[in-house]
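Residue numbers (our numbering): 3 to 365. Remarks on the structure that follows.
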(Lines of atoms letter the chains of each structure in order from A and count residues from 1; the text may use other names and numbers.)
(Lines give C-alpha, C1' and ligand atoms only; values in the text may rest on other atoms or scores of the structure.)
Protein backbone atom coordinates (compact mmCIF):
# COMPACT_ATOMS: atom_id res chain seq x y z
CA UNK A 1 0.00 0.00 0.00
CA UNK A 2 2.78 2.42 0.95
CA UNK A 3 4.68 1.70 -2.26
CA UNK A 4 1.56 2.27 -4.30
CA UNK A 5 0.85 5.50 -2.45
CA UNK A 6 4.43 6.74 -2.99
CA UNK A 7 4.26 5.98 -6.71
CA UNK A 8 0.90 7.78 -7.02
CA UNK A 9 2.16 10.88 -5.22
CA UNK A 10 5.33 10.94 -7.32
CA UNK A 11 3.25 10.67 -10.50
CA UNK A 12 1.06 13.55 -9.34
CA UNK A 13 4.20 15.58 -8.60
CA UNK A 14 5.58 14.82 -12.08
CA UNK A 15 2.34 15.95 -13.76
CA UNK A 16 2.26 19.09 -11.61
CA UNK A 17 5.83 20.03 -12.60
CA UNK A 18 5.00 19.60 -16.29
CA UNK A 19 1.89 21.79 -15.92
CA UNK A 20 4.03 24.45 -14.25
CA UNK A 21 6.30 24.47 -17.34
CA UNK A 22 9.30 22.64 -15.90
CA UNK A 23 11.51 20.90 -18.47
CA UNK A 24 10.63 17.19 -18.90
CA UNK A 25 14.15 15.95 -18.12
CA UNK A 26 14.43 18.11 -15.00
CA UNK A 27 10.97 17.09 -13.83
CA UNK A 28 11.78 13.41 -14.36
CA UNK A 29 15.08 13.72 -12.47
CA UNK A 30 13.37 15.37 -9.51
CA UNK A 31 10.60 12.75 -9.50
CA UNK A 32 13.11 9.87 -9.51
CA UNK A 33 14.97 11.39 -6.56
CA UNK A 34 11.69 11.77 -4.74
CA UNK A 35 10.70 8.19 -5.52
CA UNK A 36 14.02 6.78 -4.31
CA UNK A 37 13.80 8.85 -1.13
CA UNK A 38 10.28 7.61 -0.40
CA UNK A 39 11.03 3.94 -1.25
CA UNK A 40 14.55 2.97 -0.03
CA UNK A 41 14.16 -0.47 -1.58
CA UNK A 42 14.17 1.17 -5.00
CA UNK A 43 17.66 2.64 -4.53
CA UNK A 44 19.43 -0.50 -5.77
CA UNK A 45 17.19 -0.78 -8.83
CA UNK A 46 17.57 2.89 -9.73
CA UNK A 47 21.34 2.84 -9.15
CA UNK A 48 21.84 -0.24 -11.35
CA UNK A 49 19.64 1.26 -14.08
CA UNK A 50 21.52 4.57 -13.94
CA UNK A 51 24.91 2.84 -14.15
CA UNK A 52 23.71 0.69 -17.06
CA UNK A 53 22.64 3.82 -18.94
CA UNK A 54 26.03 5.38 -18.16
CA UNK A 55 27.77 2.26 -19.45
CA UNK A 56 25.82 2.50 -22.70
CA UNK A 57 26.88 6.13 -23.07
CA UNK A 58 30.55 5.24 -22.51
CA UNK A 59 30.39 2.60 -25.24
CA UNK A 60 29.63 5.38 -27.73
CA UNK A 61 33.03 6.86 -26.80
CA UNK A 62 34.82 3.53 -27.27
CA UNK A 63 35.00 2.54 -23.59
CA UNK A 64 33.95 -0.95 -22.50
CA UNK A 65 32.83 -1.25 -18.87
CA UNK A 66 33.58 -4.64 -17.30
CA UNK A 67 32.11 -3.79 -13.88
CA UNK A 68 29.16 -1.41 -13.45
CA UNK A 69 30.36 -0.17 -10.06
CA UNK A 70 33.57 1.03 -11.73
CA UNK A 71 31.60 3.94 -13.21
CA UNK A 72 30.72 5.11 -9.70
CA UNK A 73 34.34 4.64 -8.56
CA UNK A 74 35.57 6.56 -11.60
CA UNK A 75 33.35 9.49 -10.66
CA UNK A 76 35.05 9.58 -7.23
CA UNK A 77 38.59 9.24 -8.62
CA UNK A 78 41.26 11.27 -6.80
CA UNK A 79 44.52 10.03 -8.36
CA UNK A 80 45.18 8.38 -11.71
CA UNK A 81 48.47 6.48 -12.12
CA UNK A 82 49.50 5.92 -15.72
CA UNK A 83 52.07 3.82 -17.52
CA UNK A 84 54.04 5.76 -20.14
CA UNK A 85 54.93 3.59 -23.12
CA UNK A 86 51.83 2.71 -25.12
CA UNK A 87 49.56 4.65 -22.76
CA UNK A 88 50.80 8.22 -22.70
CA UNK A 89 52.87 7.60 -25.83
CA UNK A 90 51.94 6.03 -29.16
CA UNK A 91 54.20 2.97 -28.73
CA UNK A 92 55.22 3.42 -32.37
CA UNK A 93 59.00 3.52 -32.35
CA UNK A 94 60.87 5.50 -34.99
CA UNK A 95 64.53 4.45 -35.24
CA UNK A 96 67.13 7.21 -35.49
CA UNK A 97 70.32 7.30 -37.55
CA UNK A 98 72.58 8.04 -34.58
CA UNK A 99 73.90 4.74 -33.16
CA UNK A 100 76.65 4.90 -30.49
CA UNK A 101 78.96 1.87 -30.70
CA UNK A 102 81.36 0.46 -28.09
CA UNK A 103 83.06 -2.35 -30.01
CA UNK A 104 85.43 -1.91 -32.92
CA UNK A 105 83.95 -2.42 -36.40
CA UNK A 106 80.30 -2.22 -35.33
CA UNK A 107 77.73 -0.28 -37.36
CA UNK A 108 74.01 0.33 -37.03
CA UNK A 109 73.42 -2.53 -39.47
CA UNK A 110 75.46 -5.05 -37.49
CA UNK A 111 73.93 -3.96 -34.17
CA UNK A 112 70.43 -4.30 -35.64
CA UNK A 113 71.35 -7.84 -36.70
CA UNK A 114 72.49 -8.74 -33.18
CA UNK A 115 69.34 -7.18 -31.71
CA UNK A 116 67.27 -9.29 -34.12
CA UNK A 117 69.13 -12.40 -32.89
CA UNK A 118 67.66 -11.64 -29.44
CA UNK A 119 64.20 -12.00 -30.99
CA UNK A 120 62.29 -14.67 -32.89
CA UNK A 121 63.29 -13.20 -36.23
CA UNK A 122 61.50 -15.85 -38.29
CA UNK A 123 58.19 -15.20 -36.53
CA UNK A 124 55.92 -12.12 -36.36
CA UNK A 125 57.13 -9.46 -33.89
CA UNK A 126 55.98 -10.00 -30.31
CA UNK A 127 56.13 -6.41 -29.07
CA UNK A 128 56.95 -2.86 -30.12
CA UNK A 129 60.72 -3.28 -29.71
CA UNK A 130 60.73 -6.44 -31.81
CA UNK A 131 58.69 -4.56 -34.42
CA UNK A 132 61.27 -1.76 -34.37
CA UNK A 133 64.21 -4.16 -34.67
CA UNK A 134 62.80 -6.60 -37.22
CA UNK A 135 61.35 -3.79 -39.29
CA UNK A 136 64.78 -2.22 -39.81
CA UNK A 137 67.17 -5.21 -39.91
CA UNK A 138 68.78 -6.48 -43.12
CA UNK A 139 67.59 -10.10 -43.16
CA UNK A 140 70.35 -11.08 -45.58
CA UNK A 141 72.75 -10.77 -42.64
CA UNK A 142 70.67 -13.28 -40.66
CA UNK A 143 70.96 -16.14 -43.17
CA UNK A 144 74.18 -17.70 -41.78
CA UNK A 145 72.76 -17.92 -38.24
CA UNK A 146 70.56 -20.45 -36.45
CA UNK A 147 68.77 -19.68 -33.20
CA UNK A 148 69.25 -22.45 -30.62
CA UNK A 149 67.45 -20.90 -27.65
CA UNK A 150 65.42 -17.80 -26.83
CA UNK A 151 64.49 -16.07 -23.56
CA UNK A 152 61.47 -13.77 -24.11
CA UNK A 153 60.98 -10.39 -22.46
CA UNK A 154 60.08 -10.54 -18.81
CA UNK A 155 58.93 -7.49 -16.79
CA UNK A 156 61.39 -8.41 -14.03
CA UNK A 157 64.29 -9.27 -16.36
CA UNK A 158 63.64 -6.32 -18.71
CA UNK A 159 65.61 -7.84 -21.59
CA UNK A 160 65.45 -10.60 -24.19
CA UNK A 161 68.19 -13.08 -24.96
CA UNK A 162 68.99 -15.38 -27.87
CA UNK A 163 71.50 -18.20 -28.16
CA UNK A 164 72.75 -18.32 -31.74
CA UNK A 165 75.01 -20.57 -33.82
CA UNK A 166 77.09 -19.26 -36.72
CA UNK A 167 76.64 -21.96 -39.39
CA UNK A 168 79.85 -20.86 -41.16
CA UNK A 169 82.22 -21.31 -38.21
CA UNK A 170 80.20 -23.34 -35.72
CA UNK A 171 80.61 -20.62 -33.07
CA UNK A 172 77.81 -20.46 -30.48
CA UNK A 173 77.21 -17.18 -28.68
CA UNK A 174 74.46 -15.20 -26.94
CA UNK A 175 73.02 -11.79 -27.73
CA UNK A 176 70.75 -9.66 -25.57
CA UNK A 177 68.79 -6.45 -26.00
CA UNK A 178 67.07 -4.36 -23.36
CA UNK A 179 67.18 -1.24 -21.22
CA UNK A 180 70.74 0.15 -21.00
CA UNK A 181 70.90 0.05 -17.19
CA UNK A 182 69.85 -3.62 -17.31
CA UNK A 183 72.26 -4.66 -20.06
CA UNK A 184 75.12 -2.87 -18.26
CA UNK A 185 74.68 -5.31 -15.36
CA UNK A 186 75.82 -8.09 -17.69
CA UNK A 187 79.19 -6.43 -18.29
CA UNK A 188 82.18 -7.57 -16.23
CA UNK A 189 83.00 -5.38 -13.19
CA UNK A 190 86.32 -4.24 -14.64
CA UNK A 191 84.69 -2.73 -17.78
CA UNK A 192 84.32 0.66 -16.11
CA UNK A 193 85.17 2.69 -19.21
CA UNK A 194 82.32 1.20 -21.28
CA UNK A 195 79.82 1.70 -18.46
CA UNK A 196 80.78 5.35 -18.17
CA UNK A 197 80.49 5.86 -21.95
CA UNK A 198 77.05 4.21 -22.06
CA UNK A 199 75.76 6.23 -19.11
CA UNK A 200 77.05 9.43 -20.71
CA UNK A 201 75.37 8.66 -24.04
CA UNK A 202 72.08 7.57 -22.43
CA UNK A 203 71.98 10.78 -20.36
CA UNK A 204 72.69 12.93 -23.41
CA UNK A 205 70.00 11.18 -25.46
CA UNK A 206 67.50 11.28 -22.61
CA UNK A 207 67.74 15.05 -22.33
CA UNK A 208 66.59 15.22 -25.96
CA UNK A 209 63.73 12.77 -25.37
CA UNK A 210 65.43 10.02 -27.38
CA UNK A 211 65.12 6.49 -26.00
CA UNK A 212 67.83 3.88 -26.37
CA UNK A 213 67.96 0.11 -26.62
CA UNK A 214 71.22 -1.51 -25.55
CA UNK A 215 72.61 -4.53 -27.41
CA UNK A 216 75.31 -6.86 -26.07
CA UNK A 217 76.82 -10.25 -26.95
CA UNK A 218 79.12 -12.78 -25.36
CA UNK A 219 82.79 -12.78 -26.34
CA UNK A 220 84.18 -15.39 -28.68
CA UNK A 221 87.09 -16.37 -26.44
CA UNK A 222 85.15 -16.05 -23.18
CA UNK A 223 81.59 -17.35 -23.75
CA UNK A 224 80.47 -16.35 -20.24
CA UNK A 225 81.70 -12.76 -20.55
CA UNK A 226 79.52 -10.07 -22.13
CA UNK A 227 80.57 -7.02 -24.10
CA UNK A 228 78.48 -4.01 -25.09
CA UNK A 229 77.96 -3.61 -28.82
CA UNK A 230 76.03 -0.35 -29.02
CA UNK A 231 72.80 1.57 -28.57
CA UNK A 232 69.89 1.68 -30.98
CA UNK A 233 68.19 5.07 -30.62
CA UNK A 234 64.53 5.78 -31.30
CA UNK A 235 61.66 8.14 -30.58
CA UNK A 236 58.29 7.26 -29.08
CA UNK A 237 56.18 10.44 -29.32
CA UNK A 238 53.20 11.14 -27.02
CA UNK A 239 49.71 10.40 -28.31
CA UNK A 240 48.15 13.50 -29.89
CA UNK A 241 45.33 13.63 -27.32
CA UNK A 242 47.37 12.82 -24.19
CA UNK A 243 48.08 16.38 -23.04
CA UNK A 244 44.44 17.41 -23.50
CA UNK A 245 43.24 14.37 -21.56
CA UNK A 246 45.63 15.10 -18.67
CA UNK A 247 44.54 18.76 -18.59
CA UNK A 248 40.86 17.75 -18.55
CA UNK A 249 41.50 15.25 -15.74
CA UNK A 250 43.18 17.96 -13.67
CA UNK A 251 40.29 20.34 -14.30
CA UNK A 252 38.06 17.65 -12.79
CA UNK A 253 40.28 17.46 -9.70
CA UNK A 254 42.16 14.27 -10.61
CA UNK A 255 45.93 14.08 -10.04
CA UNK A 256 47.77 12.25 -12.84
CA UNK A 257 51.04 10.46 -12.05
CA UNK A 258 53.39 8.78 -14.53
CA UNK A 259 54.86 5.41 -13.55
CA UNK A 260 57.31 4.01 -16.10
CA UNK A 261 60.14 1.55 -16.41
CA UNK A 262 62.00 3.90 -18.75
CA UNK A 263 65.09 5.92 -17.88
CA UNK A 264 64.63 8.83 -15.49
CA UNK A 265 65.66 11.47 -18.06
CA UNK A 266 63.23 10.07 -20.65
CA UNK A 267 60.43 10.18 -18.08
CA UNK A 268 61.25 13.78 -17.18
CA UNK A 269 61.35 14.81 -20.83
CA UNK A 270 57.96 13.21 -21.51
CA UNK A 271 56.48 14.77 -18.36
CA UNK A 272 57.76 18.16 -19.51
CA UNK A 273 56.14 17.73 -22.95
CA UNK A 274 52.81 16.80 -21.36
CA UNK A 275 52.92 19.41 -18.59
CA UNK A 276 52.84 16.77 -15.85
CA UNK A 277 55.31 18.48 -13.52
CA UNK A 278 59.00 18.00 -12.78
CA UNK A 279 58.87 15.94 -9.58
CA UNK A 280 59.86 12.67 -11.29
CA UNK A 281 61.87 10.34 -9.05
CA UNK A 282 63.73 7.06 -9.45
CA UNK A 283 62.67 3.68 -8.10
CA UNK A 284 65.37 3.81 -5.41
CA UNK A 285 62.95 5.84 -3.24
CA UNK A 286 60.21 3.20 -3.47
CA UNK A 287 59.51 0.14 -1.32
CA UNK A 288 59.71 -3.47 -2.50
CA UNK A 289 57.82 -6.62 -1.61
CA UNK A 290 59.30 -9.03 0.91
CA UNK A 291 61.67 -11.35 -0.96
CA UNK A 292 60.25 -14.52 0.65
CA UNK A 293 56.61 -13.86 1.54
CA UNK A 294 55.92 -11.24 -1.21
CA UNK A 295 54.09 -9.23 1.46
CA UNK A 296 53.96 -5.44 1.35
CA UNK A 297 55.93 -3.40 3.94
CA UNK A 298 54.07 -3.20 7.29
CA UNK A 299 54.01 0.62 7.45
CA UNK A 300 53.67 1.30 3.74
CA UNK A 301 51.60 4.50 3.80
CA UNK A 302 53.37 5.89 6.88
CA UNK A 303 56.85 5.43 5.46
CA UNK A 304 56.22 6.10 1.76
CA UNK A 305 52.92 8.01 1.64
CA UNK A 306 54.51 11.46 1.45
CA UNK A 307 56.77 10.64 -1.51
CA UNK A 308 54.01 8.80 -3.41
CA UNK A 309 51.63 11.71 -2.91
CA UNK A 310 54.13 14.49 -3.70
CA UNK A 311 55.66 12.89 -6.81
CA UNK A 312 54.44 13.65 -10.33
CA UNK A 313 55.86 10.30 -11.41
CA UNK A 314 58.44 7.57 -11.00
CA UNK A 315 60.93 6.08 -13.48
CA UNK A 316 62.91 2.84 -13.84
CA UNK A 317 60.28 0.96 -11.84
CA UNK A 318 59.37 -2.73 -11.80
CA UNK A 319 55.82 -4.16 -11.68
CA UNK A 320 55.98 -4.54 -7.89
CA UNK A 321 56.73 -0.82 -7.55
CA UNK A 322 53.61 0.05 -9.57
CA UNK A 323 51.55 -2.26 -7.38
CA UNK A 324 52.92 -0.76 -4.14
CA UNK A 325 52.43 2.85 -5.29
CA UNK A 326 48.75 2.11 -5.96
CA UNK A 327 48.41 0.21 -2.67
CA UNK A 328 50.08 3.06 -0.75
CA UNK A 329 47.69 5.66 -2.17
CA UNK A 330 44.70 3.41 -1.42
CA UNK A 331 45.89 2.99 2.18
CA UNK A 332 45.77 6.77 2.45
CA UNK A 333 42.09 6.58 1.43
CA UNK A 334 42.52 8.08 -2.03
CA UNK A 335 40.31 6.58 -4.73
CA UNK A 336 43.06 5.47 -7.09
CA UNK A 337 42.95 4.50 -10.74
CA UNK A 338 45.61 2.78 -12.85
CA UNK A 339 45.86 2.73 -16.60
CA UNK A 340 48.29 0.76 -18.77
CA UNK A 341 48.72 -1.54 -21.72
CA UNK A 342 51.29 -4.18 -20.78
CA UNK A 343 51.42 -7.33 -18.68
CA UNK A 344 53.75 -5.48 -16.29
CA UNK A 345 50.83 -3.16 -15.43
CA UNK A 346 48.48 -6.04 -14.54
CA UNK A 347 49.17 -6.26 -10.75
CA UNK A 348 48.61 -2.51 -10.30
CA UNK A 349 45.55 -2.52 -12.59
CA UNK A 350 43.97 -5.28 -10.53
CA UNK A 351 44.76 -3.61 -7.20
CA UNK A 352 43.48 -0.14 -8.16
CA UNK A 353 39.95 0.98 -7.36
CA UNK A 354 39.55 1.58 -11.09
CA UNK A 355 41.69 -0.36 -13.58
CA UNK A 356 41.71 1.04 -17.11
CA UNK A 357 43.28 -0.94 -19.95
CA UNK A 358 43.92 1.18 -23.04
CA UNK A 359 43.20 0.18 -26.64
CA UNK A 360 45.76 -2.20 -28.08
CA UNK A 361 46.83 -3.55 -24.69
CA UNK A 362 47.87 -7.16 -24.11
CA UNK A 363 45.14 -9.67 -23.26
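Even for Gly, the Cβ is constructed at its ideal location relative to N, Cα and C. The structure presented is a predicted model; accordingly, all values stated were derived computationally and were not measured.
Per the DSSP calculation, residue i is bridged to which residue(s)?
i: residue 161; result: 180
i: residue 284; result: 317
i: residue 240; result: 91
i: residue 148; result: 167
i: residue 232; result: 103 and 217
i: residue 175; result: 166
i: residue 153; result: 163
Tell me which same chain residues have a C-beta within less than 7 Å of the C-beta of residue i, skipping the five on either side of it?
i: residue 89; result: 341, 342, 343 and 360
i: residue 75; result: 337, 355 and 356
i: residue 267; result: 205, 208 and 209
i: residue 78; result: 337
i: residue 25; result: none
Which residue comes first and which comes last in the beta strand (DSSP E) that contains residue i?
i: residue 92; result: Note, residue 92: premise wrong, no beta strand (DSSP E); not H, not E.
i: residue 260; result: 257 to 261
i: residue 186; result: Counting along the chain, residue 186 falls outside any beta strand (DSSP E), and DSSP gives it neither H nor E.
i: residue 358; result: 356 to 359
i: residue 81; result: 81 to 84
i: residue 215; result: 213 to 220
List the whole-angstrom C-beta distance separating residue i from residue j, where the pair is believed to meet the contact cut-off of C-beta under 8 Å.
i: residue 213; j: residue 236; result: 6 Å
i: residue 70; j: residue 59; result: Contact flag wrong, Cβ pair sits at about 13 Å.
i: residue 82; j: residue 339; result: 4 Å
i: residue 164; j: residue 120; result: 4 Å
i: residue 245; j: residue 277; result: 6 Å
i: residue 262; j: residue 87; result: 7 Å
i: residue 182; j: residue 194; result: About 15 Å separates the two Cβ atoms, so there is no contact after all.
What residues in its chain sit with their C-beta under 8 Å from that of residue i, if we drop five residues either side in the sequence?
i: residue 274; result: 280
i: residue 184; result: 159, 160, 161 and 216
i: residue 105; result: 229, 230, 231 and 232
i: residue 308; result: none
i: residue 117; result: 135, 139, 177, 179, 215, 217 and 234
i: residue 101; result: 109, 110, 113, 232, 233, 234 and 235
i: residue 297; result: 291
i: residue 190; result: 227 and 228
Tell me which residue opens and which closes the alpha helix (DSSP H) that residue i is part of.
i: residue 208; result: 194 to 209
i: residue 135; result: 130 to 138
i: residue 272; result: 266 to 276
i: residue 64; result: From DSSP, residue 64 is part of no alpha helix (DSSP H); its letter is neither H nor E.
i: residue 341; result: Element bounds for residue 341: not the alpha helix (DSSP H) but the beta strand (DSSP E), 338 to 342.
i: residue 349; result: 348 to 353
i: residue 345; result: Counting along the chain, residue 345 falls outside any alpha helix (DSSP H), and DSSP gives it neither H nor E.
i: residue 71; result: 71 to 77
i: residue 114; result: 110 to 119
i: residue 33; result: 26 to 40
i: residue 310; result: 302 to 312
Can we count residue i as close to the ligand ZN, meaning its CB is less than 7 Å from some heavy atom?
i: residue 76; result: The model on display carries no ligand, and the ligand ZN is accordingly not part of it.
Please return the same chain residues whose Cβ sits closer than 6 Å to the Cβ of residue i, not counting the five positions on each side in sequence.
i: residue 313; result: 281 and 283
i: residue 12; result: 33, 36 and 37
i: residue 80; result: 336 and 337
i: residue 85; result: 342 and 347
i: residue 332; result: 338
- Would you call the stretch 135 to 150 and the stretch 97 to 117 touching, i.e. three or more CB-CB distances under 8 Å? yes
- Message: Measuring CB atoms only, is the stretch 250 to 259 touching the stretch 198 to 212, in the sense that at least three cross pairs come out at less than 8 Å?
- Response: no
- the stretch 105 to 114 touching the stretch 277 to 290, judged by at least three CB pairs closer than 8 Å: no
- Query: Okay, do the stretch 207 to 223 and the stretch 174 to 193 touch, 3+ Cβ pairs below 8 Å being the bar?
  - Reply: yes
- Item | At least 3 beta-carbon pairs within less than 8 Å: the stretch 313 to 324 vs the stretch 343 to 352 | yes
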